[in-house]
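Which chain is which? The protein sequence lines are A and B, in order.
Each residue of the first sequence is one higher than the last, beginning at 1 in my numbering.
Each residue of the second sequence is one higher than the last, beginning at 1001 in my numbering.
Here a beta-carbon is modelled for each residue, glycine too, at the ideal position from N, C-alpha and C.
Please read all numbers here as calculations on a predicted model, not as lab measurements.
Reading through the structure tokens given below for one structure.
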Amino acid sequence: MSAVLEVKDLKMYYSTKQGMVKAADGISFTVNQGESMGLVGESGCGKTSVSMSIMRLLAENAKIVGGQILFKGQDIVKLKEEEMNKIRWAGIAMIFQAAMNSLNPVYRVGDQIIEAILAHEPDVTFEEARERVAELYKLVGLDPKRMDNYPHEYSGGMKQRAVIAMSLACNPDLIIADEPTTALDVIVQDMILKELSKIQKKLNMSMIYISHDIAVIAEVAEKIAIMYSGKIVELSDAVTIFKKPAHPYTVGLMSSFPSIHGEKKKLVTIPGEPPNLLNAPDHCRFAPRCPFATKECWEKTPPYEEIEPNHYVACFHPQNLRKQVSING
Amino acid sequence: MLKYVGKRLIQILILLVIYIAVIFFLLHAMPGGIKAMLTMNPNLTPQAREAILHAFGLDKSLWIQFLTYLKNVFTLNLGISFSFYPTPVWNIIAERLPRTILLFTTATLVSFFIGFSSGKSLAWKRGKASEYVATVIGVITYTVFTPLLIFVFIWFFGAYLGIMPINQFLNPDLWLKTNFTAQTIFLYLLLTISLVGAAMLAAFAVARKVSHKVKTRKIIFYTATAISSAFAVFWWAVSPYGIYGADILWHMVLPVLTVAVVSYAGTMLVMRDSMLETIKEDFITTARAKGLPDKVVRDKHAARTAMLPVITNFVLSMGFVVSGGVITESLFSWPGMGMTLLNATLGKDYPLASGALIFTGIFVLFAHLVVDIIYAFLDPRIRY
Ligand SMILES: Nc1ncnc2c1ncn2[C@@H]1O[C@H](COP(=O)(O)OP(=O)(O)OP(=O)(O)O)[C@@H](O)[C@H]1O
Ligand SMILES: [Mg+2]
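Put into structure tokens, the structure is as follows:
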């Protein structure tokens, strides 16, 4: 299995009047060919910042200050804008958090997809592109006749599907789906996610699902990265994350969200304030909310280590937690 | 689309009737109005007074008078001008309206085009020195008192540099020995411009049909434009009218410049703001993510969407531009509707003044309609 995307120690900061916002502070992960990864964390922990860094679509005040993003072995951090444009959509496509507003209101939806195809494959004729869009529409469960409608003539769910069709248009190696279904009701959300997952497996694409809801991610991702305050605190395959979570935050996340297919769990929220990324502290960022925090946790940042094969954790006391969980469970 | 245009047409007709009513009743309510003016002479006998009122229909009730007036307006029977007696008002207007239309359309297109593209670029590349310079200039020209601007132009180009004609519609010495009127030449000019415009429009439509590639479309459009303009210039150059046409155009430069400068800043500032807002929209991020070249994102996605509020603003500022136009025409002695309106009002030429007012109104309403239709073409959300 070859790696499609390797992110190594990525640091992306926003400079603001109040200081540096370290939205991505030493992020590392790998996504292999055909693999789906989930990136989970509370709102504001820097998930979108990571995906925008990968697309190199940064805000004016944002800067990648360190690390590498290897796409099929090539470091895209250093690429010129024109070269990056070739990778965008054809190599890495994206389904945006605000899918509802991702379509330009003045152009026909089909034309906006065709535009992407023609931009990357100049040899394709307009008619061929139209045919491909029709195929994509069928794939995502839309009536191809609706291609010639404008976005305002679509319902929210249809827009969502159209945006998914658009992300597939150039046959990308990797799709980043940033909370692709937040604006929809739970049932449609579930359905679309499952379809997306099916398409991903069928086309053998790599996928990064981003969500604040670990239950949603659990349905579709083989591998899960837990993000807290600009850092990945735990990363492993989905089974391990659920069966043997090693970071207290992961446990907190799982108990704070009810499962959709619910044997009803008690809803426990993680106590304490969500972290402030502005001028983040040097010690473990979860310490203020951690029930297991010791003196050490308040002094140093825990290293991000592989505690067992393919299970990475950034915590001084992962073992403590295990004991705790097994006592309770 | 047709339904939409039809609806707008009906609305505009209703507006027009209201507008005519306002003019009519204002004329009657005015102290020293028509009735008083006709019967002012103290030597008139009561019988003569009656006869005069009867002859002009002024003894009828105000409503009957209004309906008669309305009917006359719609049949273009606007009466006879006092100051150009015995020329009917309609003939004067038919002669002068095209001049105003040409002046305004040219100035508007020029200012819209420049305002649109400068506002667009300023928003796209923020924080450069050019942004501050352009914004300051924009605010100055936006707030400047039009007559002051005209005096500056007249002084600078006409007196100081001495390169531009500063009044008149044409150079009288040149026209002394001709056997055709300026109006003929003027209408030919207008016809040429309309033909070139129509050719450009047709080329645009054809290009859209023929190809889906932006490059090919551009090539078709620009070649067609170049060929038709070259053809027009060639025709004028070889025809004996060439020099006269050029004379009129040359006299048009300063008035056009003035109206363009007055309306430019509004377009530029609104476009800049609208563009800055649009850039933040998610679909712009999507367009970037699709790997489209920077220029395509800017023009096809950002500017195309950002121009909608600019057009709305343009409609709202139309009254302002027209009043600026009256001043401009008068100060440059450009014999169009604005100057006619001013002179007729000053000369108490009621039929001409009200006729000019009505047709200025019709012109503005018609311009609204055109802009509305363009808007509907540009924004699919309104079309239905
Ligand atoms: N342009 C910006 N300038 C300064 N700070 C920013 C900017 N954009 C985002 N941030 C900050 O960076 C942090 C991470 O934001 P980001 O959008 O990546 O979070 P997220 O995990 O995607 O959240 P959500 O789940 O709500 O989408 C937040 O604290 C946010 O306030
Ligand atoms: Mg986000």
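### Message
Please report the straight-line C-alpha distance between I1185/B and G1245/B, rounded to a whole angstrom.
### Response
Linking I1185/B to G1245/B through their CA atoms gives a straight-line distance of about 6 Å.
### At least 3 beta-carbon pairs within less than 8 Å: the region 1153 to 1170 of chain B vs the region 1309 to 1319 of chain B
no
### Message
Give me the subset of the region 144 to 159 of chain A whose CB atoms are less than 8 Å from a CB atom of chain B, sorted by chain position.
### Response
Y150, H152
### Per-residue contacts from R1272/B into chain A (C-beta, under 7 Å)
Per Cβ cutoff of 7 Å: no residues; R1272/B is ~17 Å from chain A at best.
### Task
Please state whether DSSP places T1100/B in a helix, a strand or coil.
helix
#### Entry: Under the three-state DSSP convention, the category A1203/B falls into
helix
### Query
Would you say M94/A faces chain B, with C-beta separation under 8 Å as the test?
yes
### Task
May I ask you to report which of helix, strand or coil DSSP gives K145/A?
helix
### Task
Compare the Cα-Cα distances from T1141/B to each of K1290/B, V1261/B, L1013/B and report the closest residue.
Answer by Cα proximity: V1261/B.
### Task
Give a yes or no on contact between the region 1097 to 1113 of chain B and the region 1239 to 1256 of chain B, applying the rule of three or more CB pairs nearer than 8 Å.
Enough Cβ pairs lie closer than 8 Å, so yes.
### Task
Note down the Cα distance separating G262/A from G272/A, rounded to an integer number of angstroms.
Note on G262/A: pLDDT 46, under 50, position unreliable in the model; the coordinate value appears next. When rounded, the distance between both Cα atoms is 26 Å.
#### Entry: I1382/B versus L1308/B: straight-line alpha-carbon distance, rounded
11 Å
### Task
Check whether the Cβ of S102/A lies closer than 8 Å to any Cβ atom in chain B.
yes
### Query
DSSP three-state call for V140/A: helix, strand or coil?
coil
### Query
With G1291/B and A169/A assumed to form a contact (beta carbons below 8 Å), what rounded beta-carbon distance in angstroms separates them?
With a Cβ gap of about 11 Å, G1291/B and A169/A do not count as contacting.
### Query
Measuring CB to CB, does L1269/B end up less than 8 Å from G1138/B?
Against a cut-off of 8 Å, the Cβ pair of G1138/B and L1269/B comes out as a contact.
### Query
Got a sec? Which residues, its chain only, sit under 6 Å from K223/A by beta carbon, not counting five neighbours each side?
Contacts found: M37, D237.
### Message
Is there a Cβ of chain B sitting closer than 8 Å to that of N61/A, yes or no?
### Response
no
### Residues near S259/A by beta carbon distance below 6 Å, same chain, minus five either side
With a pLDDT of only 47 at S259/A, under 50, the local geometry of the prediction cannot be trusted, and no value is derived from it.
### Query
Looking at Y14/A and ligand 1, is the gap between the Cβ and the nearest heavy atom below 7 Å?
yes
### One or two residues paired with Q68/A in a DSSP bridge
K8/A
#### Entry: Beta-carbon proximity check, L1078/B vs W1090/B, cutoff 8 Å
yes
### Query
Out of curiosity, what's the CA-to-CA distance linking R1288/B and V1297/B?
C-alpha of R1288/B to C-alpha of V1297/B: approximately 7 Å in a straight line.
### Task
Give the C-beta separation of L196/A and A218/A to the nearest angstrom, bearing in mind that I take them to be a contact with Cβ-Cβ under 8 Å.
Incorrect: roughly 15 Å between the Cβ atoms, too far for contact.
### Query
When we look at the beta-carbon of K198/A and count the other beta-carbons within 10 Å, is it buried (16 or more) or exposed?
By the neighbour-count rule (16 or more Cβ atoms within 10 Å), K198/A is not buried but exposed.
### Message
Taking CB distances under 8 Å as the criterion, tell me whether G1291/B reaches chain A.
### Response
yes
### Query
Is F1234/B buried or exposed, if buried means 16 or more other CB atoms sit within 10 Å of its CB?
Answer is exposed; the Cβ neighbour count stays below 16.
### Task
Would you list the residues sitting across from F29/A in a DSSP beta bridge?
V7/A
#### Entry: Span of the alpha helix (DSSP H), counted from its first residue to its last, around V1253/B
1242 to 1279
### Task
For the beta strand (DSSP E) holding Y1375/B, just list the boundary residues, first then last.
Premise fails: Y1375/B lies in the alpha helix (DSSP H), 1350 to 1378, not in any beta strand (DSSP E).
### Partner residues on chain B for L57/A, Cβ-Cβ distance less than 8 Å
Those are T1285, R1288, A1289, listed as they occur along chain B.
### Task
Taking C-beta pairs closer than 8 Å, name the residues in chain A that L1378/B reaches, listed in chain order.
The contacting residues are V106.
### Message
Tell me the rounded alpha-carbon separation between G1197/B and H1212/B.
### Response
23 Å
### Task
For T1305/B, return the contacting residues in chain A, with the cut-off set at a CB-CB distance below 8 Å.
Ordered by position in chain A, the residues that pass the 8 Å Cβ test against T1305/B are N104, P105, V106.
### Task
State the beta-bridge partners of D237/A as determined by DSSP.
Answer is K223/A, bridged to D237/A.
### Query
Per DSSP, K231/A is paired with what?
As computed with DSSP, K231/A is found in a beta bridge with Y228/A.
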